Structures are given as C-alpha cells and as structure tokens.
Amino acid sequence: MYRAPVEDIAFTLKHVAGLKPALDAGIFGDLGEDLVDAILAEAGRFAREEVAPLYKVGDEHGAVLKDAAVTTPPGWKQLYRRWIEGGWNALSGPEEYGGQGLPTMLGVAALEMWNSAAMAFGIGPTLTMGAVEALDKHASEELKAKYLAKLVSGESMGTMNLTEPQAGSDLAALRARAEPVGDGTYRIFGQKIFITYGEHDFTDNIVHLVLARLPDAPAGTRGISLFLVPKFFVNDDGSLG
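At position 52 of the sequence shown (counting the first as 1) the number is 52 in the numbering used here, and the numbers step up by one without a gap.
Set out below in structure tokens:
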C-alpha cells in the first residue's frame, strides 16, 4: 500500500524549493511551518487511506462508456466527493474565487501524493489545477466569473484538449479551427482524441480548454489559440444551460 514520504516532501519544499525562506519573510502571510506540516501530513493520510485502496478497483473495473456517458469505477465518484469536501481541490486556488490561496508548490506536493497513490484518479485534479491557473491568468473577466469558482470548488473539472489524429506531440500539425460568430464567441471545428477525463461522472460540468486556430492564424505553433469549451454552457445565474 502506498505511503507518502511526507517528511522528505516537507524537507524538499522548505530547504530545496525555498518555501522556508518565503515563510520566514512573511510572503504567504500567517502561513507557517506548523500548518504546512499539518497539511502535508493530512494529505499523506488521505492518499494512503482513501485514494490508494481504490487503485486496484480502478484496474479491475475500469471506466465504462455507455450511451455517450462514462461511468467511473465503483467508489471513485464517492472518493472525489470526499476529496473536494476536504478542501483539497481549492488548496492553492485563488482566494477571490473561493480558493485557500496557499503556495502553488504546496498544492503540487499534494497532487504528487494523489497521483502516486492512484494516478488514474490524481490526473483529473491535476488537469483541473492547470485549468484554474490558465483561466486565472489569461481569461476574460466574464469567463472567470462564470467558470472559475466552480473549478476551484471542484463542482466542475477541467481538461486540456491538444491531441488530434495527425497531431500528437507535434502541435504545429494541429488543424482544429475556430471561426468567430460575431458576438465574442467562436464555433470550434475539428477532432480531438485521447482527452484525459474528457467525460466522466464526477461533476455535472466539464470545462475543456481547447487548442485551435483562428482563420487568419499563421502556420506552426505561433498560430495556436486557446478556447474554453464547456460540456454545458453556464447561464448568468450560474445554472447550466
């Protein structure tokens, strides 16, 4: 059974990655070593007692695709609910959208534990964390208002949509195109494949971040743009359209 090397991770964060000097300088406000140690210890416990036991279940049962919907292995949806109820999804999320605002390196350390305990589970939250960071830094205020809070809380999950039949690691070969509608939105045309957590039963909505080209985009990777494509549109009142 997986047992997280909590002491080693704590040492690396503090003395190799530079967390201790940052804490001593007050860069993260009142956050201190004691709280960091407590968070890492609880993350290790959760990974060992909650996540790791479902690793074998995932291997034995797998996910099932039926009627255009994916059902995850037994117990996984319940595990995800316990995980977000514990606040793990919001650990390093921006405070203005309901996150705890803790250092990104602390969130990454916890992600390492989930992925080590059961990568098939942990990769989903990893993708969501990436979506949160991308939207927080680059999205319009309108998109942030509609999508970020639920991504941070874990009510929605995020994905990244890069791969196409002819474009794997070579994104310069990407063909998906985005045509402007005229109201600030775009219609996306093309095919994406091998999208991790592209469909599942953990959340009602899935926020896909999709790479595509605008009509006048230059060739190669410089002509690629990023678009938010939700499974379900979100109305102004927060309901799903």
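Backbone N, C-alpha and C define an ideal beta-carbon position, used for all residues, glycine too. A quick note: this is a predicted structure, and the numbers were derived from the prediction, not measured.
Enclosing alpha helix (DSSP H) for residue 16 [first to last residue]: Per DSSP, residue 16 belongs to no alpha helix (DSSP H) and is neither H nor E.
N-terminal and C-terminal residue of the beta strand (DSSP E) that residue 158 is part of: 156-161
Contact belief for residue 152 with residue 93 at Cβ below 8 Å, rounded distance in angstroms: 4 Å
Distance between residue 57 and residue 222 (C-alpha atoms, nearest Å): 43 Å
Beta-carbon proximity of residue 97 to residue 40, cut-off 8 Å: no
The segment 202-211 / the segment 154-161 touching (three or more Cβ pairs under 8 Å): yes
When 168, 22, 119 are compared against residue 106, the one with the closest alpha-carbon: 22
Buried/exposed call for residue 240, threshold 16 Cβ in 10 Å: exposed
Bridge-paired residues (DSSP) for residue 70: 65
Residue from 5, 217, 89, 38 whose Cα sits closest to the Cα of residue 175: 217
Nearest to residue 248 (by Cα), restricted to the options 157, 224, 215: What the structure shows of the chain is the stretch from 1 to 241, and residue 248 is not part of that stretch, so it cannot be assessed.
Secondary structure of residue 208, DSSP reduced to three states: strand
Range of the contiguous beta strand (DSSP E) that encloses residue 179: 177-180
Limits of the unbroken alpha helix (DSSP H) element including residue 123: 119-138
Reduced DSSP category for residue 199 - H, G, I as helix; E, B as strand; rest coil: coil
Sheet register partners of residue 97 (DSSP bridge): Bridge partners of residue 97: none, in fact.
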